[in-house]
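Chains as they are written, first to last, in this note's numbering: chain A, 1 to 228; chain B, 229 to 309. Each residue gets a CB set at the ideal place from its N, CA and C atoms; glycine is no exception. First the structure, in the form of structure tokens, and then the observations on it.
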Amino acid sequence: MKIGVVLFPGSNCDFDTIHAFKEVLGKPTVPLWHKDHDLQGVDAVILPGGFSYGDYLRSGAIARFSPLMQEVREFAAKGRPVLGICNGFQVLLELELLPGAMLRNKNLKFLCRHVSIKVENEKTRFTRKARKGQVLNIPIAHFDGNYYAPPETLKAIEDGGQVAFRYCEPDGSLSEASNVNGSLHSIAGLINKAGNVCGLMPHPERASEKILGSEDGRFILESLVESL
Amino acid sequence: MKVRILVSFKDSVLDPQGQTVRNALHTLGYDAVQDLRQGKVFEVELAGVDRAAAEKLVPEMASKVLANPIIEKYTWSVIED
Numbered sequence: 001m002k003i004g005v006v007l008f009p010g011s012n013c014d015f016d017t018i019h020a021f022k023e024v025l026g027k028p029t030v031p032l033w034h035k036d037h038d039l040q041g042v043d044a045v046i047l048p049g050g051f052s053y054g055d056y057l058r059s060g061a062i063a064r065f066s067p068l069m070q071e072v073r074e075f076a077a078k079g080r081p082v083l084g085i086c087n088g089f090q091v092l093l094e095l096e097l098l099p100g101a102m103l104r105n106k107n108l109k110f111l112c113r114h115v116s117i118k119v120e121n122e123k124t125r126f127t128r129k130a131r132k133g134q135v136l137n138i139p140i141a142h143f144d145g146n147y148y149a150p151p152e153t154l155k156a157i158e159d160g161g162q163v164a165f166r167y168c169e170p171d172g173s174l175s176e177a178s179n180v181n182g183s184l185h186s187i188a189g190l191i192n193k194a195g196n197v198c199g200l201m202p203h204p205e206r207a208s209e210k211i212l213g214s215e216d217g218r219f220i221l222e223s224l225v226e227s228l
Numbered sequence: 229m230k231v232r233i234l235v236s237f238k239d240s241v242l243d244p245q246g247q248t249v250r251n252a253l254h255t256l257g258y259d260a261v262q263d264l265r266q267g268k269v270f271e272v273e274l275a276g277v278d279r280a281a282a283e284k285l286v287p288e289m290a291s292k293v294l295a296n297p298i299i300e301k302y303t304w305s306v307i308e309d
């Protein structure tokens, strides 16, 4: 088993993510350079958090045209797993591997804090180690995490069980206050129809060791590893 | 040829930055301001392209790269021949 983490110019959670998979979970993990056309035979691709290409134009908009994204597209089309974290989620939206788009947070502030998210769909390869409705404590750090999709797309997402995570109160209830960035339907993470592409704004790699204040991110990282 | 492309949020999409700018103008006493939408401007120099070719090229670039059609719309015009 081998996991690949894509390095874009401006990624800043790339080595945290490699650390989480390699050192914390003990799985072989390699960096994948965005300019290459080589996925090095990995079994899962992670698009990490950060500010690829300085967030110029729109978050994730330029990274989408990176040479390696052609291979990532083909990899995803074959049903192989792709996980996008924060900026990686934004890249997946721009790539149209997941539906919708991101707007600036509702209060126009960069939000960097721990939040509660609820596992909405526990039957995915990214959530299988968690229970339905389980509340995870995982940090967010973003400016553009206000999820938007047109009404008909939103309905299809809900009907298809494609909402993986929602922002919630620590007891799992939904509220306007806990929906920190203003996302439609409190959406914090999505999965595609085929179930092999997942994107979420919270950073599971930043909640993978006790010393970081939470280990809840491991439910997500370990679910993926277990599914390989 | 030089073209100018204006990208802004669709009317159905909230524009919190535009609202904040509008509120700032209200605070300064510009009560005539009813609504304000913020957008982006791109001025693009094109070489070896006539108007007919630009009619095809500009919308393609705008919808593929400059604007995200899920949340944004665009208009464009030729500003220099």
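- Put simply, the segment 233 to 240 of chain B touches the segment 299 to 307 of chain B. At least three CB pairs are less than 8 Å apart.
- DSSP lists Arg-166(A) as the beta-bridge partner residues of Ile-187(A).
- The Cβ of Gln-245(B) sits closer than 8 Å to at least one Cβ of chain A.
- Ser-116(A) is bridged by DSSP to Asn-137(A), Cys-168(A).
- Within the segment 248 to 281 of chain B, the residues whose Cβ lies closer than 9 Å to any Cβ of chain A are, in chain order, Thr-248, Lys-268.
- Counting only the Cα atoms, Ala-282(B) lies some 49 Å from Gly-217(A).
- Cα atoms of Phe-165(A) and Ile-85(A): separation of roughly 13 Å, rounded to the nearest angstrom.
- Within the same chain, Cβ atoms closer than 7 Å to the Cβ of Lys-27(A) are found at Met-1, Ile-3, Phe-21, Val-225, the five residues on either side in sequence being excluded.
- When DSSP reads this structure, Thr-124(A) sits in no beta bridge, so it has no partner.
- A residue is called buried when at least 16 other Cβ atoms come within 10 angstroms of its Cβ; Ser-240(B) does not meet this threshold and is exposed.
- The DSSP-derived three-state label of Ile-307(B) is strand.
- At a cut-off of 8 Å between beta carbons, Arg-73(A) makes no contact with chain B.
- Its chain contains Gly-10 as the residues whose beta carbon lies nearer than 7 Å to that of Gly-54(A), once the 5 sequence neighbours on both sides are disregarded; these appear in chain order.
- Secondary structure at Pro-297(B): coil, using DSSP grouped into helix, strand and coil.
- In the three-state reduction of the DSSP assignment, Met-102(A) falls in the strand class.
- Taken through DSSP and simplified to helix, strand or coil, Phe-270(B) comes out as strand.
- Taking the beta carbon of Ala-63(A) as reference, no residue of chain B falls within 8 Å; the closest one sits roughly 12 Å away.
- About 6 Å separates the CB atoms of Pro-170(A) and Val-135(A); that is less than 8 Å, so the two are in contact.
- Taking one beta carbon from each stretch, the segment 258 to 272 of chain B and the segment 188 to 204 of chain A have fewer than 3 pairs nearer than 8 Å; the two do not touch.
- Residues of the segment 18 to 41 of chain A with a Cβ closer than 7 Å to any Cβ of chain B: none.
- Straight across, the Cα-Cα distance linking Arg-58(A) with Gly-195(A) is about 26 Å.
- The alpha-carbon of Tyr-258(B) is positioned some 17 Å away from that of Gln-245(B).
- Within chain B, Asn-296 have C-beta atoms less than 8 Å from the C-beta of Arg-58(A), given in sequence order.
- Annotated as distal: Ile-157(A) and Leu-103(A), with beta-carbon spacing of 8 Å or more.
- Proximity of chain B to Gly-100(A) at the Cβ level (cut-off 8 Å) is accounted for by Ile-298, in chain order.
- The beta carbon of His-185(A) sits closer than 6 Å to no other beta carbon from its chain once the five residues preceding and following it are set aside.
- In the DSSP assignment, Ala-44(A) is bridged to Ile-3(A).
- By the Cβ neighbour-count rule, Ser-66(A) is buried, with 16 or more other Cβ atoms within 10 Å of its own.
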